[in-house]
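Quick notes on the structure that follows.
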Ligand SMILES: [Zn+2]
Ligand SMILES: [Zn+2]
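In this note's numbering, the protein residues as written are 680 to 1050.
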């Protein structure tokens, strides 16, 4: 039995509350992680605002890093003392989709995850005797988390936790989209729409892959400037800019070889189709409310354009998280500049307020810091 503090969302639209949480015992496949850092991601905010429906009460957070405290008797991949980054896509390894190398669609994962459970269909969390739900099989806005062993990924101990946690969602999604999913070729032209955490990582992923020209597109001048420090050669998107003309001009009149949409807006999706060249690759990373329609100019889709929707950048966490950590330690991946603020658990709501106002890239919660 372990008792600890967690930030609990009691109902849609409410502030998070710091509550005392209990985990009674570990099941066979469980890994208990002492969470040292947890990034605030836009998906958490979607749950708070009700754009994504989850059972309540719930402990949010799916971008966590920490130290393995204990493991269930069936766990072989990690051991106590390992430093781990949590993956929000634990998977069974043997269902229809896992067998087809599409773990993001793993059937136990897609069934149990929206129900706020671990992969065995149960919660481990209680508060004053009542069940509390897990979010995306992680729930890292807390001092401890229980995750399945396929969601606990060992990384080198040299990487600081506040940097490491970012690998678990925003970095994997953006870098992975460029390197793993689209497989950007050396010399290719790349445009990235939206330069928040995921977009900046698509920019540096394109750089890692050896892209020729990288164009960052964002309405905010500060974010365009930041994108240049992450490897963008050109930037556009100010209110008076003709973005389509700008991208065409920078790409021999054809449009970009690869376009990554990370703004999460209907305008962004539409723009992506306009600025990718015929035969090029358009990858949607952002999202809008699931009930919204998105429209395209039909002509913009002509010319054998390839459109992919990705939620986790083609992640294979056990392959990719150590690689991303090593890239940071070798100075090839910028994680430092992604962090706008570090706050103790008690001030987590301030982080979500900043995200709502769009004036941060990532706020990282440090659950063991005192307020
Ligand atoms: Zn996320
Ligand atoms: Zn599976």
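Think of the CB as a built atom: it goes at the ideal place given N, C-alpha and C, for glycine as much as any other residue.
Cβ distance (whole Å) where residue i is taken to contact residue j below 8 Å
| i | j | result |
| --- | --- | --- |
| residue 903 | residue 893 | Going by Cβ atoms, the distance from residue 903 to residue 893 rounds to 12 Å, so no, they are not a contact pair. |
| residue 705 | residue 749 | 6 Å |
| residue 726 | residue 804 | About 16 Å; that fails the 8 Å criterion. |
| residue 820 | residue 795 | At roughly 14 Å, the Cβ-Cβ gap does not stay under 8 Å, so residue 820 and residue 795 are not in contact. |
| residue 776 | residue 863 | Not confirmed; about 25 Å, so no contact. |
| residue 711 | residue 825 | 6 Å |
| residue 763 | residue 687 | Not quite, the Cβ-Cβ distance comes to about 23 Å (not below 8 Å), so this is no contact. |
| residue 849 | residue 809 | With 8 Å as the limit, residue 849 and residue 809 do not qualify as a contact, their Cβ atoms being about 32 Å apart. |
| residue 774 | residue 786 | 4 Å |
| residue 689 | residue 734 | That belief does not hold up - the Cβ atoms of residue 689 and residue 734 are roughly 12 Å apart, past 8 Å. |
Local conformation of residue i per DSSP, three classes
| i | result |
| --- | --- |
| residue 720 | coil |
| residue 825 | strand |
| residue 745 | strand |
| residue 877 | helix |
| residue 940 | strand |
| residue 806 | strand |
| residue 1023 | strand |
| residue 791 | helix |
| residue 750 | strand |
| residue 727 | helix |
| residue 735 | coil |
| residue 814 | coil |
| residue 702 | strand |
| residue 1032 | helix |
| residue 771 | coil |
| residue 1018 | strand |
| residue 690 | coil |
| residue 935 | strand |
| residue 926 | helix |
| residue 1040 | coil |
| residue 697 | strand |
| residue 845 | helix |
| residue 785 | coil |
| residue 834 | coil |
| residue 685 | strand |
Distance between residue j and residue i (C-alpha atoms, nearest Å)
| i | j | result |
| --- | --- | --- |
| residue 963 | residue 713 | 34 Å |
| residue 1012 | residue 1037 | 23 Å |
| residue 978 | residue 957 | 11 Å |
| residue 909 | residue 880 | 8 Å |
| residue 992 | residue 696 | 32 Å |
| residue 888 | residue 1009 | 16 Å |
| residue 845 | residue 919 | 33 Å |
| residue 985 | residue 1027 | 39 Å |
| residue 905 | residue 851 | 19 Å |
| residue 959 | residue 790 | 34 Å |
| residue 770 | residue 931 | 43 Å |
| residue 854 | residue 861 | 10 Å |
| residue 873 | residue 966 | 12 Å |
| residue 1046 | residue 976 | 47 Å |
| residue 1023 | residue 927 | 46 Å |
| residue 917 | residue 896 | 8 Å |
| residue 728 | residue 692 | 5 Å |
| residue 870 | residue 858 | 14 Å |
| residue 1015 | residue 842 | 7 Å |
| residue 792 | residue 829 | 14 Å |
| residue 989 | residue 1001 | 21 Å |
| residue 867 | residue 935 | 8 Å |
| residue 912 | residue 1007 | 21 Å |
| residue 940 | residue 700 | 38 Å |
| residue 1042 | residue 722 | 13 Å |
| residue 1049 | residue 784 | 39 Å |
Distance cut-off 7 Å: residue i Cβ against heavy atoms of ligand 1
| i | result |
| --- | --- |
| residue 1042 | no |
| residue 1051 | The chain is shown from 680 up to 1050; residue 1051 falls before or after that span and cannot be answered. |
| residue 940 | no |
| residue 820 | no |
| residue 853 | no |
| residue 741 | yes |
| residue 720 | yes |
| residue 844 | no |
| residue 849 | yes |
### Task
Pull every residue with its beta-carbon under 5 Å away from any heavy atom of ligand 3, and keep them in chain order.
The ligand content of the structure shown is limited to ligand 1 and ligand 2, which means ligand 3 is not among them.
### Task
Note down, one range per segment and in chain order, each alpha helix (DSSP H) of at least 4 residues found wholly within the stretch 951-993.
none
#### Entry: 3-residue-minimum beta strand (DSSP E) runs that sit fully inside the stretch 852-913, ordered along the chain
868-872 and 892-896
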